[in-house]
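Numbering-wise (the UniProt record's numbering), the sequence shown opens with residue 1 and increments by one.
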Amino acid sequence: MLRRDVDDGLSEQRKQLLDDMGFVWSDTQWKWRMQFLRAMDTYHQLFGHCAVHHTFKVPADDPNWADVSWGYRLGHAVARVKANLEEHALTPREMADLRQINFFDNGLAAEVWRDALMPALELYPKLFDGDVFIPEDFVVPSEAPWPERAWGMKLGYIVETINCMRIFRDEMQPDKQRLKELGYAWESLFGKWAKELLPALRIYKAKYGHCDVPSWWVVPTNDATWPKALRGYHLGKQVIRIRRSGRTSPDAVDVLPELEALGFKFNAFESYFVDRVLPALEVYAEIYGDTHVPQGFIVPSETRWPQPSWGTKLGHTVRNIRNRHQHAQQVEIYRERLEQIGFVWSIYKSTAATRRDIVDPSVKVFKEVNGEDAEVPRNFVVPADDPRYPEVAKNFELGAWLFQFNRRTTGLLPFQTQEGKKKKSPETEKHRHAHSHPGGKLTPHAEQYWKDVLLASFQAYAKLHGSCKDMDGSFLVPNEEPYPQSAWGLNLGLRLRHLRHGNRYAKEVAKYKDDLLELGVLEDLPLDEDYSGNDFDGDDSDFEDYNDEDDDYDDFDDEDEDNLN
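Shown next, in the form of structure tokens:
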């Protein structure tokens, strides 16, 4: 009735009396007074300023706030008020209300942080034996030595709000490092990577010796050595994201000291080269006396090799450095270390040409000099001043070449050797990347590879571990029995993932499904429809530019033999 009468001649005296009583004349005025002003007044009382972030929403069921404010999007309301200010759309009464709560004091938040909160946060651990876990109900006492500006402030509530909402984010920037030193571990201090990525990366580094997490890698859900809170965490994907964001992104800057302490590098190529390739090359040179690494050489998981390098495809990387100019930037930076181990920048690319022009003529001369039954020593180098040897062979490390050649070809299946490949039928060669004949039958060499390499490796693993069910997705076949020698160094974990989630081995699965179920390779589940079969990121070749390794039937292809070092 009164709201209606205001338009029908209600006296000014009565209107003033009702205004003084706080009478609300319209829905708009109710929202202004009962929602906006009341929420702003509470915000100001709790946090000491009115610089509300646009994402701030009043918590529900919070006794520090009036019931009418619960769930109220105060940040959005403040943004609308500021927009109305620019358009001069606020009434004189509304402007007076805003002045009363210091709405226009833009520097108030910085003052509160500098003069009240930061001094209180520094003092708290001093008074409580280093404890930085401030109870939510802690209120700053109104007495010395607490800063007078902070007396009566609900410090515990403010800290709790800092942890879950964007308050004092800008103001705390200059003091972040100091707060970390004091022991505070708020997510707002360390960014979004502090809660899961950092602890997960620390454990991964402790287990594997490096931070180059494959993109597919997920913290095991059934491994008790990992904290429950981290199990199932997609660490590989998060590593990719933080690398893409760059070291200068705000979230990365928050955890940069911790990442650097772990040896984490934002450049994946640099990390791979510096932490895995270069140390492995130095050990290789120490063991074998040269850097003529066979293309198929994979760093063994043995104590004499650096742990971060275990499983690294050193041969492929060396080939790519020489032939494809990969890691060019890192090579220039570390050229001196490479030269110290005698790294050879240019070598014969064809095994056939090397044998024809250098090896065979040099071996012939060696036997003429030392006897037909004489074996070329591992460290024999063709003398530069002996005219009996071919000119092109001078200073050639003949012994090392023969050692690697013989070592490389020992234990290979017929189809994995140059001679075996030459015996392939034209039809088979024409379809060398096809895994099956029409009608679902496997080609002869595919059948042989499957039975003698892959299936035999799965059987050996199951014999040692009871089952293949929990095989790691990056498992490499070790260079030892009971694994078949033709499989040594093979990324069996990658093949396991292809079998479980792809359709690359559809014919093999159809034929050997019972064996695979019994071994724990398959779990009798339907294939993942979203799986493409191209698991490049999952292989240890994340940083290399080649695809032949993924073609199982050509794991040791023509190029492997033609690039023997």
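The C-beta atom is built at its ideal place from N, Cα and C for all residues, glycine as well. Keep in mind it's a predicted model, so treat the numbers as computed, not measured.
Cα-Cα, which of the options is closest to residue i?
{"i": "L492", "options": "A268, R322, A510, A456", "result": "A456"}
{"i": "D41", "options": "N102, R114, D62, H316", "result": "N102"}
{"i": "W146", "options": "I167, D115, F168, D170", "result": "D115"}
{"i": "S69", "options": "L522, V58, A79", "result": "V58"}
{"i": "V78", "options": "Q45, D62, W32", "result": "W32"}
{"i": "E339", "options": "N323, L281, L314", "result": "L281"}
{"i": "R231", "options": "G520, S142, V219", "result": "V219"}
{"i": "S29", "options": "N84, L85, R93", "result": "The displayed chain sequence assigns Gln, not Ser, to residue 29. Ranking N84, L85, R93 by Cα distance to Q29 puts R93 first."}
{"i": "P387", "options": "N406, K513, G371, P361", "result": "P361"}
{"i": "A285", "options": "F266, A328, R337", "result": "R337"}
{"i": "T354", "options": "P390, K513, Q330, P125", "result": "P390"}
{"i": "F36", "options": "V81, H54, N64, D275", "result": "V81"}
{"i": "residue 587", "options": "N163, H325, K205", "result": "What the structure shows of the chain is the stretch from 1 to 565, and residue 587 is not part of that stretch, so it cannot be assessed."}
{"i": "E332", "options": "F273, I358, V382, D357", "result": "F273"}
{"i": "Q173", "options": "Y124, L46, D251", "result": "D251"}
{"i": "E143", "options": "I240, L46, A120", "result": "A120"}
{"i": "I358", "options": "R504, V382, Y505", "result": "V382"}
{"i": "Q100", "options": "H44, Y233, R322", "result": "H44"}
{"i": "R247", "options": "I287, W193, K207", "result": "W193"}
Please list, in chain order, all residues of the same chain as residue i whose beta carbon is under 6 Å from its beta carbon, the five residues on each side excluded.
{"i": "G209", "result": "Q307, P308"}
{"i": "V283", "result": "W305"}
{"i": "L74", "result": "A39, V52, F56, V58"}
{"i": "N222", "result": "none"}
{"i": "A110", "result": "E171"}
{"i": "K265", "result": "S271"}
{"i": "F458", "result": "C468, L519, V521"}
Apart from the five residues on each side of it in sequence, which residues of its chain come closer than 8 Å, Cβ to Cβ, to residue i?
{"i": "P279", "result": "P306, P308, S309"}
{"i": "E122", "result": "R178, L182"}
{"i": "G473", "result": "P214, W216, W217, G493, L494, L496, R497, G538"}
{"i": "Q462", "result": "It is worth fixing the name first, because residue 462 is Ala in this sequence and not Gln. Only C468, L519, G520 meet the Cβ criterion."}
{"i": "P141", "result": "W151"}
{"i": "N106", "result": "A51"}
Quick one: using the 10 Å Cβ neighbour count with 16 as the cut-off for buried, is residue i buried or exposed?
{"i": "R178", "result": "exposed"}
{"i": "S301", "result": "exposed"}
{"i": "P214", "result": "buried"}
{"i": "D61", "result": "exposed"}
{"i": "A393", "result": "buried"}
{"i": "T161", "result": "buried"}
{"i": "H498", "result": "buried"}
{"i": "I167", "result": "buried"}
{"i": "D385", "result": "exposed"}
{"i": "F104", "result": "exposed"}
{"i": "A446", "result": "buried"}
{"i": "D470", "result": "exposed"}
{"i": "L127", "result": "exposed"}
{"i": "P526", "result": "For P526, the pLDDT reaches just 43, beneath the cut-off of 50, and the residue's location in the model is therefore unreliable, although a value from the coordinates is still provided. P526 is exposed by the Cβ-count criterion."}
{"i": "H325", "result": "exposed"}
{"i": "D67", "result": "exposed"}
{"i": "A460", "result": "buried"}
{"i": "K313", "result": "buried"}
{"i": "H49", "result": "buried"}
{"i": "L517", "result": "exposed"}
{"i": "D129", "result": "exposed"}
{"i": "Q330", "result": "buried"}
{"i": "R356", "result": "exposed"}
{"i": "D275", "result": "buried"}
{"i": "E372", "result": "exposed"}
Secondary structure at residue i, three-state DSSP: helix, strand or coil?
{"i": "L517", "result": "helix"}
{"i": "N406", "result": "helix"}
{"i": "H435", "result": "Bear in mind that a pLDDT of 43 at H435, under 50, signals an unreliable position, so the number given afterwards is only what the model happens to contain. In the structure shown, H435 sits in coil (DSSP, three-state: anything other than H, G, I, E or B)."}
{"i": "L476", "result": "strand"}
{"i": "N64", "result": "coil"}
{"i": "N491", "result": "strand"}
{"i": "G213", "result": "Just to set this straight, residue 213 is Val in the shown sequence, not Gly. In the structure shown, V213 sits in coil (DSSP, three-state: anything other than H, G, I, E or B)."}
{"i": "P250", "result": "helix"}
{"i": "N323", "result": "helix"}
{"i": "K422", "result": "The predicted position of K422 is uncertain, since its pLDDT is 49 and thus under 50; a value taken from the coordinates is nonetheless stated next. Helix."}
{"i": "V382", "result": "coil"}
{"i": "T443", "result": "coil"}
{"i": "V376", "result": "coil"}
Whose C-beta lies closer than 7 Å to the C-beta of residue i among residues of the same chain, with five residues either side of it excluded?
{"i": "F403", "result": "R378"}
{"i": "N479", "result": "P300, W488, G489"}
Any Cβ of chain B within less than 8 Å of the Cβ of residue i?
{"i": "R304", "result": "As a matter of chain content, chain B is missing from the structure shown, which is built from one protein chain."}
Is there contact here, the region 359-369 with the region 305-316, by at least three beta-carbon pairs under 8 Å?
no
Does the contact criterion of 3 or more C-beta pairs under 8 Å hold for the region 372-380 versus the region 391-404?
yes
Contact between the region 287-303 and the region 260-267 (3+ Cβ pairs under 8 Å)
No contact exists between the region 287-303 and the region 260-267.
Can you find at least 3 beta carbon pairs, one from the region 191-206 and one from the region 226-243, that sit closer than 8 Å?
Short answer: they touch.
Three or more C-beta pairs closer than 8 Å, one from the region 154-169 and one from the region 129-142: is that the case here?
yes
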